[in-house]
Amino acid sequence: MARQLDEQIAGRFPVGQRLRVLDVGMGQGTQALRLARAGHQVTGVEQDPKMISAAHEELAGEPEGIRERVRIVQGDGRDTGVHFLPGSFDVVLCHGVLMYIEEPDPLLAGLARMLAPGGLLSLLVRNGDALAMRPGLGGDWGAALAAFDTTAYRNRLGLDVRADRLAELTATLAGIGAPLHAWYGVRVFTDTAADGAEIPTDVEALLAVEERAGKTDPYRSVAALLHLCGVRG
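Using the working numbering, the first residue of the sequence shown is number 2, and each one after it goes up by one.
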């Protein structure tokens with residue numbers, strides 16, 4: 002996903018431009034820190050105090066110049082209008098958040114308002130068109146059959162959450178003024194890997210295959226996750 006995001010940033014902004022990035026649902030700060038290391042000014046929004054603590058701990062180990070480029074705000078992403086002015090950011094990330102939001106449209110509209118003209122909105126969502134893939138590949142035929150007719154599922158944390166369909170999100174992005182510019186699949190072949198699995202010795206080959214599949218039909222359509230990139234008009 003990081004490679005996909007870098008591809009979109011490189012295609013939209015001049016080389017060397019220091020971007021203003023908003024990372025909503027930043028978690029422990031993986032993407033935020035990566036982008037700060039690349040020279041960008043990053044504001045992370047996170048609700049979970051444990052995740053915020055982990056992000057601060059990671060940040061504390063960085064050089065001062067990188068620490069100065071990261072700001073962390075506690076919130077759930079639906080209050081961006083309280084903290085920031087419209088058009089304040091060049092890139093807005095919302096990765097792994099929508100599955101926990103029952104009605105995501107207001108959140109997405111608020112995120113689009115945060116974008117400057119030409120800004121990039123990056124979403125990572127559970128693929129509602131391929132929910133049967135994981136149980137099907139695992140031989141759980143009952144769960145696979147049930148998954149064809151729903152966008153609700155139980156994640157690996159045991160939480161009941163929701164997925165998004167590509168066509169519906171495409172329509173939503175057009176309606177909020179950040180129409181879909183590009184989309185990718187994420188975890189096409191590796192979704193069934195066990196939690197905590199060790200990184201394989203051939204990880205570069207694995208990443209090359211996933212990167213190719215993530216931008217190639219029909220493989221990307223059955224990925225566990227979708228990475229959608231909208232552009233503010």
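The C-beta atom is built at its ideal place from N, Cα and C for all residues, glycine as well. Quantities reported herein were computed from a predicted structural model and do not represent experimental measurements.
Just the C-alpha distance for residue i and residue j, rounded to the nearest angstrom, thanks.
i, j, result
"residue 215", "residue 166", "16 Å"
"residue 181", "residue 153", "24 Å"
"residue 62", "residue 8", "28 Å"
"residue 128", "residue 225", "6 Å"
"residue 110", "residue 164", "18 Å"
"residue 99", "residue 168", "15 Å"
"residue 143", "residue 50", "37 Å"
Considering residue i, what are the terminal residues of the alpha helix (DSSP H) in which it resides?
i, result
"residue 110", "106 to 114"
"residue 44", "Taken as a continuous stretch (DSSP letters only), residue 44 belongs to no alpha helix (DSSP H), being part of the beta strand (DSSP E) at 42 to 47."
"residue 144", "142 to 148"
"residue 34", "31 to 38"
What does the Cβ neighbour count give for residue i, buried or exposed, with the cut at 16 atoms within 10 Å?
i, result
"residue 83", "exposed"
"residue 17", "exposed"
"residue 204", "exposed"
"residue 175", "exposed"
"residue 155", "exposed"
"residue 243", "Lying outside 2 to 234, the shown extent of the chain, residue 243 is not represented and no answer is given."
"residue 24", "buried"
"residue 103", "exposed"
Cβ of residue i within 9 Å of Cβ of residue j?
i, j, result
"residue 189", "residue 223", "yes"
"residue 28", "residue 56", "yes"
"residue 207", "residue 4", "no"
"residue 122", "residue 171", "no"
Ignore the nearest five residues each way along the sequence and tell me which others in residue i's own chain have a CB closer than 7 Å to its CB.
i, result
"residue 210", "190"
"residue 178", "113, 233, 234"
"residue 193", "135, 138, 139"
"residue 173", "106, 109"
"residue 90", "21, 22, 23, 115, 116, 117, 120"
Considering only residues of the same chain and omitting the five flanking positions on each side of residue i, which have a CB-CB separation below 8 Å?
i, result
"residue 107", "79"
"residue 146", "133"
"residue 131", "222, 223, 224, 225"
Can you name the start and end residues of the beta strand (DSSP E) that residue i belongs to?
i, result
"residue 131", "Premise fails: residue 131 is in no beta strand (DSSP E) and is neither H nor E."
"residue 179", "Residue 179 -> no beta strand (DSSP E), and no H or E assigned at all."
"residue 75", "71 to 75"
"residue 7", "Looking at the DSSP string, residue 7 is not in any beta strand (DSSP E); the run it does join, the alpha helix (DSSP H), is 3 to 13."
"residue 155", "153 to 155"
"residue 229", "226 to 232"
Output needed for residue i: all residues of its chain with C-beta closer than 6 Å, excluding positions within five of it in sequence on either side, in chain order.
i, result
"residue 81", "111, 115"
May I ask whether a heavy atom of the ligand GDP can be found less than 8 Å away from the beta carbon of residue i?
i, result
"residue 158", "Annotation note on the ligand GDP: not contained in the displayed structure, which lists no ligands."
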